[in-house]
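Right, one structure below, let's go through it.
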Amino acid sequence: MKRTLPKRKAPAARKPAAKKARSASSAARIVLRRILVPVDFSDNSKKALRYAVPFAEQFGAAITVIYVVEPAVFPSDFGFGQLNFPDVEREMNDKAVSELMQVANEAGGRAPIASVVRSGIPFVEVTAYADENDTDLIILATHGRTGVEHILFGSTAEKIIRKAPCPVLVVRAEEHEFIDDRV
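Using my numbering, read the sequence shown as starting at 358 and increasing by one per residue.
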């Protein structure tokens, strides 16, 4: 015996949605005024700055390159007497400032690049600076640590991503590059 299913009504033809005229006020816009690039002077962090320059030029944003000097913990005596911490920290800051200026000069481009050196725990200082200065985007590099190395040292990039007050663009060590230097 052959069973036949009841015939279903064909769905009503869809009416094409009325196209809205897009005006400048109704279209979404991305506004970037301040881009923060944390660096540790590695090739990867310099690559992050290389990505930041075209973004800044495209959106008319300013770039701030930040380096965080981690507090040095020294025993009170190395056999040479006590180390004067303010002198050591000042020397580290001075060296960081000169290296940051060099990195900023190497980056080229037309976007203004400022440099900031802070002292403390890197992810805390980077996220605090971003919050204090109304940063619109953080562009940072990751070193791609995995396994035991990641467990032992953690990931500053991961902590920044979790705590950042704004969007974060992560530039991986090995990836397809979308920057065209020929332009």
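All residues carry an ideal CB built from backbone N, CA and C; glycine is no exception.
Quick caveat, the model's predicted, so the values are computed rather than measured.
Check: Looking only at C-alpha atoms, which of 467, 446, 399 and 451 sits nearest to residue 416?; Outcome: 467
Check: Are the CB atoms of residue 445 and residue 424 nearer to each other than 9 Å?; Outcome: no
Check: Measuring only the C-alpha atoms, how far is residue 516 from residue 408?; Outcome: 21 Å
Check: Let me confirm a value: residue 462 is counted as buried when at least 16 other C-beta atoms fall within 10 Å, else exposed. Which label applies?; Outcome: exposed
Check: Please work out which residues of its chain come closer than 7 Å, Cβ to Cβ, to residue 456, disregarding the five sequence neighbours upstream and downstream, and give them in chain order.; Outcome: 398
Check: Using CA coordinates, which residue listed in 478, 386 and 421 is at the minimum distance from residue 352?; Outcome: This structure gives no information on residue 352, because the portion of the chain shown stretches from 358 to 540.
Check: With distance defined between alpha-carbon atoms, name the residue in 486, 449 and 530 nearest to residue 394.; Outcome: 486
Check: Under DSSP, the alpha helix (DSSP H) around residue 513 begins and ends at which residues?; Outcome: 513-520
Check: Residue range of the alpha helix (DSSP H) that residue 494 falls in?; Outcome: It is not in any alpha helix (DSSP H) - residue 494 instead sits in the beta strand (DSSP E) that spans 494-498.
Check: Am I right that residue 386 and residue 493 are in contact with their C-beta atoms under 8 Å? What's the rounded C-beta distance?; Outcome: About 12 Å separates the two Cβ atoms, so there is no contact after all.
Check: By DSSP, does residue 399 sit in helix, in strand, or in coil?; Outcome: coil
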